[in-house]
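Undergrad: Numbering (our numbering), first residue to last: 868 to 1264.
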Amino acid sequence: MNLITNIVVAGVLMSYLGTGVASEQHHLEDSHNHGSVATNPREKDSHEDESSVVTISPAQERLASITVEPLNAKKMEYQVYSPGEVKANGYTSYIVSPRVDSVVIRRHVALGDHVDEGQLLVTLFSERVAEAQGAFRIANAEWRRVNLLGRKAVGDKRFVLAKTVYETSFSRLLVYGLSKEAVISLVAVGDETRDPVLGEYTLVANSRGVVLSDDFHQGQRVESGDSLIELTQEDTLWVEARLAPNTSIQLPLGTKAQINVGGNIFDANVVQAAHTIDPKTRTRIVRLLVNNESHQLHPGQFADVYFLFKTETPVLAVPETALMRSADGDWVVFVSEKEGRENTEAKTFSAKEVELGRFFGEWREIIGVEPGSRVVMTGAFFVASEIAKSGFDPHNH
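1) Ser903: buried (16+ other C-beta within 10 angstroms of its C-beta) or exposed?
2) Can you tell me which of the three DSSP states Gly1246 falls into?
3) I'd like to know whether the C-beta atoms of Val1071 and Gly985 end up nearer to each other than 8 angstroms.
4) Take Arg1241 and list the residues in its own chain whose beta-carbon comes closer than 8 angstroms to its own, dropping the five residues that flank it on each side.
5) Quick one: Cα of Gly1196 to Cα of Glu944, how far?
6) Checking contacts by CB at 8 angstroms: is Val920 closer than that to chain D?
7) From which residue to which residue does the beta strand (DSSP E) around Ile923 run?
8) Closest to Tyr948 by CA distance: which of Arg1109, Val1243, Ala1189 and Glu1179 is it?
9) What three-state label does DSSP hand Ile1144 in the structure shown?
10) Pull up the distance between the alpha-carbon of Gln946 and that of Arg973, whole angstroms please.
11) Which residue from Phe1169, Ile1152, Val989 and Val1182 puts its Cα closest to that of Phe1227?
12) Measure from the alpha carbon of Pro1166 to the alpha carbon of each residue in Phe1174, Lys954, Thr922 and Lys942, then state which is nearest.
13) Going by C-alpha to C-alpha distance, which of Val1128, Leu1118, Asn1073 and Arg929 sits closest to Phe1174?
14) Which same chain residues, not among the five before or five after Phe1133, have their C-beta less than 6 angstroms away from its C-beta?
15) If we count the other Cβ atoms within 10 Å of its Cβ and call it buried at 16 or more, is Lys941 buried or exposed?
16) Is Leu1041 helix, strand or coil by DSSP?
Right under this line is the structure:
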């Protein structure tokens, strides 16, 4: 038993001594390594500085199409995009509809037709119109008789009554949609066989335009107020742009914009901006007016809307091609240390870390570079690759 106990104790002591020796050896190695680093405190910084600077010859500069320009602050133009749709100009559009319940007898125009003011559109029949036309004929006959006899002969009461009934019946037919010419033709003296059929009346165009819709059929019964034909003048159209409800962009009346429809560009300006959110699309609608005298645009077409703006104060900005990512993922531009004489001297370029600001189309605002610095505007990728090659260590040190 004592022999076994002695063997166990001896094993524990040997294990402890081995661990202590290994720990001491590891401590000595660490001390040696730390000491060697401390003897060269600037070695790492020196390598980092050298890895972000490169010298490029004039031949390389020409081959890579490198252009260097001074960075000056200037007012930048930029665009804000929104999807949109071409709409008929509601202020120059006209809906043709019956004023009383009627039946469609015949149409006179079709979809897409260009019509002039006063042109016949659709003929309808209505029982109420027939009654009103008959009442007008009776009122007209009475008024002509009373007017012929004179006010003194018939008395004031009969004279005023006849005139009032005549004017009321005349106005009622106008309200029903008949033109003045159509009403007068009901009592015109002439060939009795050509008298208009009572109850028939024709709706005419109140303005020139294009037939955008004609959703009806001959023989169809239509109710008062039903839309039969929609006319619009296509000289000017609306474009409704839809913005996200949380967009903070300000679009005062008159804001300029460009409309892209099928690759064709049109100028437009803001005429209305809604202050409510569309309950169906959950977007804010901004309405623009676009000139369409060439009749290239048509309601229903989708459009790309680009609102045009300019910064209020000058800013420092570079093309997107001038921006590169550094090894640690930061954005950098490359600055020329000297200009060189007549492009005959090699130039030294260094990477300058920047912060990005607003978008200006293909340009981007940058922060962190002094105004007047000579920045690589094109060819930055070549400069970045040369810097990357110069920082490569074949011995992996």
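Don't be surprised by glycine CBs; every beta carbon is placed ideally from N, CA and C.
TA: By the coordinates alone:
1) Along the sequence shown, read from residue 1 onward, the residue named residue 903 stands at position 36. Unreliable positioning characterises Ser903 in this predicted model, as indicated by a pLDDT of 41, which lies under 50. A coordinate reading is not provided.
2) Here residue 1246 refers to the residue found at position 379 of the sequence shown. Coil at Gly1246, not helix or strand.
3) As a first step, residue 1071 must be located in the sequence shown, where it is residue number 204. As a first step, residue 985 must be located in the sequence shown, where it is residue number 118. In this structure, Gly985 lies closer than 8 angstroms to Val1071 by Cβ.
4) Looking up residue 1241 in the sequence shown gives position 374. If we look at Arg1241 and ignore the five residues flanking it on each side, its Cβ neighbours are Val935, Glu936, Pro937, Leu938, Val1202, Ser1203 and Glu1206.
5) Here residue 1196 is taken as the residue at index 329 of the sequence shown, counted from 1. Here residue 944 is taken as the residue at index 77 of the sequence shown, counted from 1. When rounded, the distance between both Cα atoms is 29 angstroms.
6) The chain labelled as chain D is not found in the depicted structure, where only one protein chain is given.
7) Taking the sequence shown and counting its residues from 1, one reaches residue 923 at position 56. For Ile923, the uninterrupted beta strand (DSSP E) segment begins and ends at Val920 to Ile923.
8) Within the sequence shown, numbered from 1, the residue matching residue 948 stands at position 81. The candidate whose alpha carbon is nearest that of Tyr948 is Arg1109.
9) Working through the sequence shown from its first residue, we reach residue 1144 at position 277. Under the three-state reduction of DSSP output, Ile1144 falls in the strand class.
10) By 1-based counting over the sequence shown, the position of residue 946 is 79. By 1-based counting over the sequence shown, the position of residue 973 is 106. Using only the alpha carbons, I get a separation of about 51 angstroms.
11) In the sequence shown, residue 1227 corresponds to position 360, counting from 1. When only C-alpha atoms are compared, the closest one is Val1182.
12) Numbered from its first residue, the sequence shown carries residue 1166 at position 299. Cα-wise, what sits closest to Pro1166 is Lys954.
13) Position 307 of the sequence shown holds residue 1174. In this structure, Leu1118 is the residue among Val1128, Leu1118, Asn1073 and Arg929 with its C-alpha nearest to the C-alpha of Phe1174.
14) Translated into positions along the sequence shown, residue 1133 becomes position 266. Only Ile1126 and Val1157 meet the Cβ criterion.
15) Here residue 941 is taken as the residue at index 74 of the sequence shown, counted from 1. Lys941 is exposed by the Cβ-count criterion.
16) Translated into positions along the sequence shown, residue 1041 becomes position 174. DSSP, read as helix, strand or coil, puts Leu1041 in helix.
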